[in-house]
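Heads up, the thing below is written out as structure tokens.
Protein chains: 2
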Amino acid sequence: MGHHTDFLNMNIEQLNQHYASLKERYDEYKNQNMKLDMSRGKPCPEQLELSKSMLDTVTSSDRLQASDGSDCLNYGGVDGIPEAKELFAQILGVSSNEVIIGGSSSLTMMHDTISRAMLHGVYGSEQPWVKQPTVKFLCPSPGYDRHFAICELLNIEMIVVDMLHDGPDMDAVEALVSQDDSIKGIWCVPKYSNPDGITYSHQVVNRLANMKTKARDFRIFWDDAYSVHHLTDQPDPLTNVLSACKEAGNPDRVFLFCSTSKITFPGAGVAAMAGSVENINYMRSLISVQTIGPDKINQLRHTRFLKDMDHVRSHMAKHAAILKPKFEMVLGKLESELDGKNIAFWNKPNGGYFISLNTLDGCAKIAVKMAADAGVTLTAAGATFPYGRDPRDRNIRIAPSFPSVKELEKSIEVLSICIQLASIDKILLEQ
Amino acid sequence: MGHHTDFLNMNIEQLNQHYASLKERYDEYKNQNMKLDMSRGKPCPEQLELSKSMLDTVTSSDRLQASDGSDCLNYGGVDGIPEAKELFAQILGVSSNEVIIGGSSSLTMMHDTISRAMLHGVYGSEQPWVKQPTVKFLCPSPGYDRHFAICELLNIEMIVVDMLHDGPDMDAVEALVSQDDSIKGIWCVPKYSNPDGITYSHQVVNRLANMKTKARDFRIFWDDAYSVHHLTDQPDPLTNVLSACKEAGNPDRVFLFCSTSKITFPGAGVAAMAGSVENINYMRSLISVQTIGPDKINQLRHTRFLKDMDHVRSHMAKHAAILKPKFEMVLGKLESELDGKNIAFWNKPNGGYFISLNTLDGCAKIAVKMAADAGVTLTAAGATFPYGRDPRDRNIRIAPSFPSVKELEKSIEVLSICIQLASIDKILLEQ
Chain S
286 MGHHTDFLNM NIEQLNQHYA SLKERYDEYK NQNMKLDMSR GKPCPEQLEL
336 SKSMLDTVTS SDRLQASDGS DCLNYGGVDG IPEAKELFAQ ILGVSSNEVI
386 IGGSSSLTMM HDTISRAMLH GVYGSEQPWV KQPTVKFLCP SPGYDRHFAI
436 CELLNIEMIV VDMLHDGPDM DAVEALVSQD DSIKGIWCVP KYSNPDGITY
486 SHQVVNRLAN MKTKARDFRI FWDDAYSVHH LTDQPDPLTN VLSACKEAGN
536 PDRVFLFCST SKITFPGAGV AAMAGSVENI NYMRSLISVQ TIGPDKINQL
586 RHTRFLKDMD HVRSHMAKHA AILKPKFEMV LGKLESELDG KNIAFWNKPN
636 GGYFISLNTL DGCAKIAVKM AADAGVTLTA AGATFPYGRD PRDRNIRIAP
686 SFPSVKELEK SIEVLSICIQ LASIDKILLE Q
Chain C
286 MGHHTDFLNM NIEQLNQHYA SLKERYDEYK NQNMKLDMSR GKPCPEQLEL
336 SKSMLDTVTS SDRLQASDGS DCLNYGGVDG IPEAKELFAQ ILGVSSNEVI
386 IGGSSSLTMM HDTISRAMLH GVYGSEQPWV KQPTVKFLCP SPGYDRHFAI
436 CELLNIEMIV VDMLHDGPDM DAVEALVSQD DSIKGIWCVP KYSNPDGITY
486 SHQVVNRLAN MKTKARDFRI FWDDAYSVHH LTDQPDPLTN VLSACKEAGN
536 PDRVFLFCST SKITFPGAGV AAMAGSVENI NYMRSLISVQ TIGPDKINQL
586 RHTRFLKDMD HVRSHMAKHA AILKPKFEMV LGKLESELDG KNIAFWNKPN
636 GGYFISLNTL DGCAKIAVKM AADAGVTLTA AGATFPYGRD PRDRNIRIAP
686 SFPSVKELEK SIEVLSICIQ LASIDKILLE Q
């Protein structure tokens, strides 16, 4: 029996035969007591090694003043040192007066921005969001579980919008936001999206910038987490959303976020947010009650190490050199194990941290569980949807960055076996 | 005319004579175009120098694992690395499982704790605080302006409680909290309080721990900012508030906060909070939606540099050696300029960052303004009270840490002249 047989065209006997041999392979793996983790988009040790010399850029013998002369060891600088603003302005494609530097986590900046919107509103709000009976967010899905967790925590009702090949289903988005003024925001990972690896098309970005929203204080939460995280020499182009919003006459519509978590260190990076000067002034005034200023020494470290966009790009090429063989292993293995069988479909991203795989409806949870039983941990099935509920139970997020190529080979083989077993179970049950 | 003349016993002629000679001195200073800043409790460069070698404890050639083996460069550790929890547990006098490590700012942890209480309630709350028509906090005053700013931002009504010689007026506190269930919290800087330099007595701590509160989810916000910031060899003793609360049967009543801002670097320190395991578990679950974890490398840096309480103590003795002559200059100058005149009264703190000075009623604002006109910047008069309103307009906060001893000599002389001029104006007006 060849690998490239369409499961949907097999008869019961063929399926049973196939199941038996797959089950044998599965049990063999299970007996190996493996412990492989593909659950989170976590850089591997070799990637962390790339930035270690950053730790040597700020020592006791170095100059510890920012470019404006301020002492980075002392209080001050609520929105960051000038050189950090300049660097992140380049990364995000905005002006440096449109940037606020944060602590180590962009997730924190997103969480805090929405918490603040709940308690105070955003720039231009008539009232705090929490004063409304309901606040809703559009959640293009599959998407990032930690975005959804913020909404869930804050009792923000999440409305699933399908991800198409070039971004969220904009017909659905436009129809929803034009009619319901309780819809206050949309989550977007516009480049190499988590988990689909999709980059929003020019048209999608423009429609987001131009669409009529019933809520006058509607905001796009633009999590540009993978803006420089390419896997090829020909990065996906992404239209500048802040410029698009300005041109559309909606300059205050978007908040951009990014961090160096996957550029330098997840455990000791620098995060930033951006938006119109009005948005940023409003945020700065709220943030100045929360802190006297984030860690300036770590900003200094980062700007000394990353310098400018040219250096960022060549630094990210080193990350790509480590990640590319991993993605290729996963994609190659998926192809050799699952291609042509009509039971699984996956994306081939040009960047980012994930490969998104869809099984037959109803097979994701059981496949992920079987893989876990055989020692291969994946992101929980359903996690890529609001409330952890994948309506079709089919999406599996694969995070290839942390395991070694060898481990990935095994892991994907195990996962592929599990998907096939689950698929046969389903097909037999339906016959 | 001697320095030690009681102004209240002078006749009009004497006062006018005195005024003229003071005015002459004032104008002389004014013509010098000085620029001296005593407005914020900011460590001076010599103090920052004490911790610079901390920057050399984590370089590319060092081990970057925490004591539990986790890689400090990578994701994880939402509440801190074990050795950081251990160190801060010692500083705060709690167990390490009662600690959460944050980013660089304890102010942020306080702000976020109250924001969370507004949106979700605290452990044991029946509903989010924001659902109540009014939320009130007790504000022992004079106090820390940034505490008050958090309340003001969140529309929390502030009730002034007088600071007595051993802490807040507990008769007033007990009467208020026992009757009004909208009073949800009290701000405390229990050791070397900002600005009075008062340390709460054993009795005050015990009354806070034991008092009956009508709000079942009442919380003490215990900002232990100066716990190890002594100016003498015989530090003020402070009763352990968490132990006291546990003994009183109110284990969840208190949140403790501290940071290394004034131990290592204000611009790149580490903050922590503490409380009962129940409080901490509740907070951790909320924080885990906000961040994957704070900067672990900076935690490593701090634990390697500060090591343990013995090292913290000897390190803080070096701070004291720098600060003590500054406090002595201020106190000595105040004494030589103002003592015996019956127009100003000040504290002599055993630690902390401030000297709190009270003028005759109605003289603080004008004295601070006159000083500013002569180039000496002080914390805005009134800032030590909620809403920036000092009901008696008499409190002036002096922050001696940043200027040099020489600058302090001049600054306090100018301030003393201003206070005398304002006092004579007042006395003459009332005669």
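From first to last, the protein sequence lines are chains S and C.
Using this note's numbering, you'd call the opening residue of the first sequence number 286 and step up by one each time.
Using this note's numbering, you'd call the opening residue of the second sequence number 286 and step up by one each time.
Each residue gets a CB set at the ideal place from its N, CA and C atoms; glycine is no exception.
Every value quoted in this text rests on a predicted model; they were computed, and no experiment measured them.
| query | result |
| --- | --- |
| Residue 488 of chain S beta carbon near the ligand PLP (any heavy atom closer than 7 Å) | The model depicted lacks the ligand PLP and carries no ligand whatsoever. |
| Under the three-state DSSP convention, the category residue 411 of chain S falls into | coil |
| Under 8 Å by beta carbon: chain A residues contacting residue 396 of chain S | Protein chains in the displayed structure are S and C, and chain A is not among them. |
| Euclidean distance between Cα positions of residue 364 of chain C and residue 659 of chain C | 48 Å |
| Given residue 332 of chain C as reference, the closest of C/697, C/708, C/395, C/687 once Cα atoms are compared | C/687 |
| Cross-strand partners of residue 543 of chain S (DSSP beta bridge) | S/557 |
| Per-residue burial, residue 669 of chain C [other beta carbons within 10 Å of its own, 16 or more giving buried] | buried |
| Local conformation of residue 449 of chain S per DSSP, three classes | strand |
| Element boundaries [beta strand (DSSP E), containing residue 473 of chain C] | 468-473 |
| Local Cβ density within 10 Å of residue 368 of chain C, reported as buried at 16 or more and exposed below that | buried |
| Euclidean distance between Cα positions of residue 558 of chain C and residue 584 of chain S | 24 Å |
| Contacts of residue 552 of chain S in chain C (Cβ-Cβ under 8 Å) | 356, 357, 358, 359, 360, 361, 362, 578, 580, 581, 582 |
| Any chain S beta carbon closer than 8 Å to residue 328 of chain C | yes |
| Interface positions of the stretch 399-410 of chain C facing chain S (Cβ-Cβ less than 7 Å), listed along the chain | 400, 403, 404 |
| Chain S within 8 Å of residue 435 of chain C, Cβ atoms only | yes |
| Where residue 532 of chain C falls, given that 16 or more other Cβ within 10 Å makes a residue buried | exposed |
| Three CB pairs or more closer than 8 Å across the stretch 694-709 of chain C and the stretch 610-621 of chain C | yes |
| Where the alpha helix (DSSP H) containing residue 489 of chain C begins and where it ends | 487-495 |
| Closer than 7 Å at the beta carbon, the chain S residues around residue 390 of chain C | 576, 577 |
| Cβ-Cβ distance between residue 406 of chain S and residue 511 of chain S below 8 Å | no |
| The stretch 452-465 of chain C touching the stretch 486-504 of chain C, judged by at least three CB pairs closer than 8 Å | yes |
| Contact between the stretch 431-442 of chain C and the stretch 426-445 of chain S (3+ Cβ pairs under 8 Å) | no |
| Pair within 8 Å by beta-carbon distance, residue 395 of chain S and residue 508 of chain S | yes |
| Nearest to residue 385 of chain S (by Cα), restricted to the options S/329, S/707, S/542 | S/542 |
| Test: residue 325 of chain S CB closer than 8 Å to a CB of chain C | yes |
| Neighbour flag for residue 341 of chain S against chain C, beta carbons, 8 Å | yes |
| Cut-off 8 Å between Cβ atoms - residues of its own chain near residue 419 of chain C, not counting five sequence neighbours on either side | 442, 467 |
| Chain S contact for residue 345 of chain C (CB, 8 Å cutoff) | yes |
| Reduced DSSP category for residue 295 of chain S - H, G, I as helix; E, B as strand; rest coil | coil |
| DSSP-derived helix/strand/coil call for residue 307 of chain C | helix |
| Beta-carbon gap between residue 323 of chain S and residue 591 of chain S smaller than 8 Å | no |
| Range covered by the alpha helix (DSSP H) that runs through residue 513 of chain S | Segment: none, residue 513 of chain S is in no alpha helix (DSSP H) and carries neither H nor E. |
| Contacting positions in the stretch 303-320 of chain C - beta carbon closer than 8 Å to chain S | none |
| Residue-level contact to chain S via CB, residue 426 of chain C, 8 Å cutoff | no |
| Element boundaries [beta strand (DSSP E), containing residue 686 of chain C] | Counting along the chain, residue 686 of chain C falls outside any beta strand (DSSP E), and DSSP gives it neither H nor E. |
| 8 Å Cβ cutoff met for residue 337 of chain S and residue 360 of chain C | no |
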